[in-house]
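Taken in order, these protein sequences are the chains called E and G.
If you're matching positions, the first sequence starts at 1 in our numbering and goes up one per residue.
If you're matching positions, the second sequence starts at 1 in our numbering and goes up one per residue.
So the structure is just underneath, and the comments pick up after that.
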Amino acid sequence: MSSGYQIVVLGSIVPDPLQTLEPAQTAQGPGLKNELMLPHVLDPWAAHALYEAANLAAKTPGSKVTLLSLGPKAKLQQVMMAVGQKVPFELVALDGPAGGFTDPHEVAARLAEAVKALPGLDRSRLLLFGGWESASRGAGVTLQLVGERLAITDQFQGVDQLTPGPDGSFEVLERVEGGKHQVSSCAGAPAVLGWATGNLGEPKNNPQVGMANMRGIMPSLQKATPAPVGTGGVEFVSVAVPKAQRETRIVKDMSPDDVAREIVEWIGQD
Amino acid sequence: MDTVLLLTHTEPDGGLPRAALEALSAARTAGGPLVVGLFGASVEKAAAALGGAGAAKVLAVEGAPFGEARYGTDTAAAAALAKASGASVVIAPATSRMARIAAGVAQRLGGRVDTHVTQVTAEGGLAATRWFYKQRIEAKLRRKERPWVLLVDPGAYPAASVEGGAAPAVEKLAVSAEGATRTKVVGLRAPSSGEQTIRPEAKLLFVAGAGWTKKQADGKPHPDKAEQLILGFLRGSGASLGSSKSLVDQAGEGQRVFEFMTHLNQVGQTGATPRHPKGLATCCHGEEPHVVGWRFIRERRAVNLDAGCGWARGKADVLYVADAFAVMEKVNALLAAKA
Chain E
1 MSSGYQIVVL GSIVPDPLQT LEPAQTAQGP GLKNELMLPH VLDPWAAHAL
51 YEAANLAAKT PGSKVTLLSL GPKAKLQQVM MAVGQKVPFE LVALDGPAGG
101 FTDPHEVAAR LAEAVKALPG LDRSRLLLFG GWESASRGAG VTLQLVGERL
151 AITDQFQGVD QLTPGPDGSF EVLERVEGGK HQVSSCAGAP AVLGWATGNL
201 GEPKNNPQVG MANMRGIMPS LQKATPAPVG TGGVEFVSVA VPKAQRETRI
251 VKDMSPDDVA REIVEWIGQD
Chain G
1 MDTVLLLTHT EPDGGLPRAA LEALSAARTA GGPLVVGLFG ASVEKAAAAL
51 GGAGAAKVLA VEGAPFGEAR YGTDTAAAAA LAKASGASVV IAPATSRMAR
101 IAAGVAQRLG GRVDTHVTQV TAEGGLAATR WFYKQRIEAK LRRKERPWVL
151 LVDPGAYPAA SVEGGAAPAV EKLAVSAEGA TRTKVVGLRA PSSGEQTIRP
201 EAKLLFVAGA GWTKKQADGK PHPDKAEQLI LGFLRGSGAS LGSSKSLVDQ
251 AGEGQRVFEF MTHLNQVGQT GATPRHPKGL ATCCHGEEPH VVGWRFIRER
301 RAVNLDAGCG WARGKADVLY VADAFAVMEK VNALLAAKA
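Laid out in structure tokens, this is it:
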């Protein structure tokens, strides 16, 4: 492919997975207790998508990676300080809530508008990347909704691998039932790819990449467009942390033989 | 009252995916008149299997282009079925194929979508229960907008009984696949190791943690021994293999850990949340966020050396404080003797 891909990665921020989360009622609907105080990270699946995008762009001359992120500007800035050290990208920021209880249809509408407004957008080179789910809403629908709004009819979810061909086509591996991948061949961009974990590890921090990214990240954050998404037409009847505490029987001082016997007996029970 | 469409693809043999009968259970709880929508290369077998479903009618889109699991053709077929049904609520099983298209279908219908639904209730208006923040917060919600597409997680409902009824006549819709997609399905690919360790139908989930690769009592790690014990157990018990994130990340970072372990095995966090009747965790450590992967396992037991470990305490029914290497060797011997 001579002109390369325009890869737009949709990804936002989520509370650090190690934080304890408690729901709280806010004026805008359900949210998290002390949500803005919680440390945040780039959504893990979106991060995989970003790393795969950078890897594809590096192998395909003329390609460009844009990270389009809807989240509270101050939190985005904190997270981008870390993410910006990993791989080269341009940030386009939308300033709005990134919580899991926002309506994906409202979010998708904002994101689709932002994609359409990207300068020099060429649909014939567009690959729309993102996580196949998020660690906040976890619905796995926003990317498809954006794709539909952009009239992209080649969409893939649970992607672990994309292999470009010499003619602009590409092969995609998508997760399906039973621990298998469905192998598909797509004629080329535009396409939507919702990434699972992919095959790449987290890149090491690269100070040169970080410095180059920061030149674009800060101005982008300063001119972030307001995107006040809400909960749409959803009425939340209840929002709660489930009571999942079990009475654990702790078995100490039992020989491996006896433990094994008990486990095998338990496995065999219907 | 909402008219409910049970929407599903058919399997390559023309039959129903198992999860479709579970989604039918959810559809019945919604309480409205039921319509069935089927799409695939052939639908007769699936339609016959739904004879006793209580559907007022069965709609179908049938043909070779709809036999392949592709967004373009599947969305075109599913949206046509939903429109023709006039249903205000669309309930579908969360197979990988339906999950790929559910949002697109909702968008084409001008409706809304909610996925990972674990419960549907009709009292006081239709409501759906689903999880947020990776199975850490549960919410029950209603929507005013219609059509409302609901994707029901496999394992959330028992399969519905559909015996004892005559299959309604199938009304076939003409849907063109022309220009709907530029994607061709090439086939399925199993893990490169050749050992199929993910078995969704298994009664037991065996979760292996990073402890298997750590130094043991003699001060050395024994990954070869661990691999032999884990695979031996999977073969002897027929269990499905899950893994902690830390273990599959080790594999992805190029360390020689377990050849058969990939990110597909990962449970919790960025992994799967499988549903099996029983789960046995070994050498798993970590606090609450790491445990979400087995939230939907009904009976849980764990083997590790730390009695206070957050993975097991309060999360498992039984915690054996023991050396997993020694225990699993004995377990494998007992399973071999029973075989």
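Glycine residues also receive a C-beta, built at the ideal position from the N, C-alpha and C atoms.
Interface residues of chain E facing residue i [CB-CB closer than 7 Å]
i      : result
H222/G : Simply none; closest approach about 16 Å.
L109/G : By Cβ distance, chain E contributes nothing, its closest Cβ being about 11 Å from L109/G, past 7 Å.
I198/G : G178 and G179
G67/G  : Within chain E, no residue comes near G67/G; the closest Cβ sits about 13 Å away, beyond 7 Å.
Assigned secondary structure, residue i (DSSP; H/G/I helix, E/B strand, else coil)
i      : result
I198/G : coil
E235/E : strand
N199/E : coil
Y5/E   : coil
Y51/E  : helix
T246/G : The sequence as given places Ser at residue 246/G; Thr does not occur at that position. The answer is helix: DSSP assigns S246/G an H, G or I state.
N304/G : strand
D257/E : helix
A333/G : helix
P33/G  : coil
Q107/G : helix
R97/G  : helix
H351/G : Residue coverage of chain G in this structure runs from 1 to 339, which leaves residue 351/G outside it and unanswerable.
G268/E : helix
S25/G  : helix
S12/E  : coil
F66/G  : helix
T225/E : strand
S69/E  : strand
Residue range of the alpha helix (DSSP H) that includes residue i
i      : result
F233/G : P223 to S237
N213/E : P207 to Q222
V115/E : P104 to K116
L143/E : T142 to R149
E35/E  : No alpha helix (DSSP H) contains E35/E, which DSSP labels as neither H nor E.
Q341/G : Here chain G comprises residues numbered 1 to 339, so residue 341/G is not present and cannot be evaluated.
E90/E  : First-last for E90/E: E90 to D95, but that is the beta strand (DSSP E), not the alpha helix (DSSP H).
L76/E  : K73 to V83
Amino acids of chain G, ordered along the chain, whose beta-carbon sits closer than 7 Å to that of residue i
i      : result
L21/E  : Y133, R136 and I137
H105/E : R112
F129/E : Correct list: empty, because the minimum Cβ distance to chain G is about 15 Å.
Host beta strand (DSSP E) of residue i (start-end)
i      : result
E171/G : V170 to K172
A92/G  : V89 to P93
G72/G  : Here G72/G belongs to no beta strand (DSSP E); instead the alpha helix (DSSP H) covers Y71 to S85.
Q182/E : K180 to C186
K45/G  : Unbroken run through K45/G is the alpha helix (DSSP H), E44 to A49; no beta strand (DSSP E).
Cβ-based burial, residue i [other Cβ within 10 Å; buried from 16]
i      : result
M98/G  : buried
S255/E : exposed
Q222/E : exposed
Q357/G : There is no way to answer for residue 357/G, as the model of chain G reaches only from 1 to 339.
G187/G : exposed
N205/E : exposed
D249/G : buried
L200/E : exposed
E373/G : The question about residue 373/G has no answer here: the residues shown for chain G are numbered 1 through 339.
R347/G : Nothing can be reported for residue 347/G, as the shown portion of chain G is limited to 1 through 339.
M80/E  : buried
A25/E  : Going by the sequence as given, residue 25/E is Gln instead of Ala. Q25/E is exposed by the Cβ-count criterion.
M37/E  : exposed
A339/G : exposed
Q208/E : exposed
K144/G : exposed
Proximal residues to residue i (C-beta, below 8 Å), its chain only, five neighbours per side dropped
i      : result
L204/G : S237, G238, A239, S240, H276, P277, K278, G279 and L280
P158/G : E22 and S25
A48/G  : A167
Interface residues of chain E facing residue i [CB-CB closer than 8 Å]
i      : result
T181/G : T153 and D154
L204/G : I267
Cβ shell of residue i (< 6 Å), same chain only, five flanking positions each side left out
i      : result
G32/G  : M1, D2, T3 and V4
F156/E : V172, E174 and L193
R215/E : none
Q266/G : S243, K245 and V248
V43/G  : T10, A60 and E62
Chain-ordered chain B contacts of residue i [CB-CB under 9 Å]
i      : result
P203/E : Absence of chain B from the displayed structure is noted, the protein chains being E and G.
Contact list for residue i against chain G, beta-carbon separation under 8 Å
i      : result
V241/E : R136, I137 and E138
Chain E residues whose Cβ lies nearer than 9 Å to that of residue i
i      : result
K345/G : Here chain G covers residues 1 to 339 and nothing more, so residue 345/G does not appear.
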